[in-house]
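Just so we're aligned, residue 1161 is where the sequence shown starts under this note's numbering, counting upward by one.
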Amino acid sequence: MNNYSYKYGKNLYLNITNRCMMACPYCIKHKWAGKFRGNFLKLDKEPTVQQVINSIGDCTKYNEIIFCGYGDALIRLNEVIEISKWLKSNKVMVRINTAGLANRYYNKNILPQLKGLIDVISISLNGSNPQEHNKLNNPMFKEESFNEILNFAKLAKYDIPSVVITAVELPELDVAKVKEIAKTIGVHFRARPYLNEYEEY
Ligand code: SF4
């Protein structure tokens, strides 16, 4: 039994890394000790492309397959591309959830590499200005991260059919302001519930 993929609802989620470009104090990977709704997502070792594909099995039985584990999958860009090629060859919907810092991390625009492979990109923006974003999320590129994420979301519109900015309903965050930012740059918006108490399912 491995933890490279896990089911939730009618979707399958891929947990390909525990590394992340942010160190959010509210991250449930710390609070929930690596557990998530009946799964244990802490990886001893990052899986290979083939190990992830083997863990998926019949990918056509899910509504959507989503890169979303206890880390940011774009930190393993090459593996995301290879796994997505296989998923798209099976005609399934593919989404990726990300912190939106990959272009800064790789120092180039990586989004064209995802064209035709990713249907939806969900970018978390938990902050309405650089200072607040830095304080709430402890990102790798500190206060520069906020504008990097906005630029990433704007560029994503050229290569990904659906771009969504998401904000966690943190008690200290004005989610309405983030929604307004998403509207200004012309992408969708979705609020996510703040997960605090551990949920078994
Ligand atoms: S971006 Fe997500 S996975 Fe990364 S530290 Fe923040 S909450 Fe955790």
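No residue lacks a Cβ here, since even glycine has one placed at the ideal position from N, Cα and C.
Beta-bridge partners of residue i, as assigned by DSSP
i       : result
Asn1171 : Tyr1168
Val1328 : Arg1352
Gly1229 : Gly1231
Residue i versus the options, residue with shortest Cα-Cα distance
i       : options                            : result
Asp1319 : Leu1174, Glu1304, Lys1275, Lys1295 : Lys1275
Leu1237 : Asn1223, Cys1180, Tyr1354, Ser1165 : Cys1180
Leu1172 : Ile1235, Met1253, Asp1204, Glu1242 : Met1253
Pro1331 : Ile1235, Asn1269, Leu1234, Gly1287 : Gly1287
Cys1184 : His1348, Asp1204, Gly1231          : Gly1231
Ser1284 : Ile1278, Asn1267, Glu1242, Leu1296 : Leu1296
Val1335 : Ile1345, Lys1317, Tyr1354          : Tyr1354
Thr1344 : Leu1271, Leu1310, Arg1352          : Leu1310
Leu1277 : Ser1322, Ser1305, Pro1299          : Ser1322
Asn1298 : Ile1235, Ala1259, Asp1204, Ile1270 : Ala1259
Pro1272 : Leu1203, Ile1188, Lys1317          : Lys1317
Ile1226 : Ser1282, Asn1214, Cys1187          : Ser1282
Tyr1186 : Glu1340, Leu1333, Ile1341, Asp1204 : Leu1333
Helix, strand or coil at residue i [DSSP, three-state]
i       : result
Val1347 : coil
Tyr1361 : Residue placement at Tyr1361 cannot be trusted, given a pLDDT of 46 that sits under 50; what the coordinates show is reported in the next sentence. Three-state DSSP puts Tyr1361 in coil, outside helix and strand.
Val1323 : strand
Val1212 : helix
Pro1272 : helix
Phe1200 : strand
Val1252 : coil
Pro1299 : strand
Thr1258 : strand
Asn1162 : coil
Ile1176 : coil
Ser1288 : coil
Ile1278 : coil
Contact under 7 Å by Cβ, residue i with residue j
i       : j       : result
Val1324 : Arg1350 : yes
Val1212 : Tyr1164 : yes
Glu1308 : Leu1261 : yes
Tyr1166 : Asn1199 : yes
Gly1229 : Leu1201 : yes
Leu1174 : Cys1219 : no
Ala1233 : Ile1256 : yes
Ile1243 : Val1209 : yes
Lys1302 : Asn1294 : yes
Thr1177 : Glu1206 : yes
Val1347 : Ala1313 : yes
Report all residues for which the CB-ligand distance to some heavy atom of ligand 1 is below 5 Å; order them along the chain.
Ordered along the chain, residues surrounding ligand 1 are Cys1180, Met1182, Cys1184, Cys1187, Ala1259 [Cβ under 5 Å from any heavy atom].
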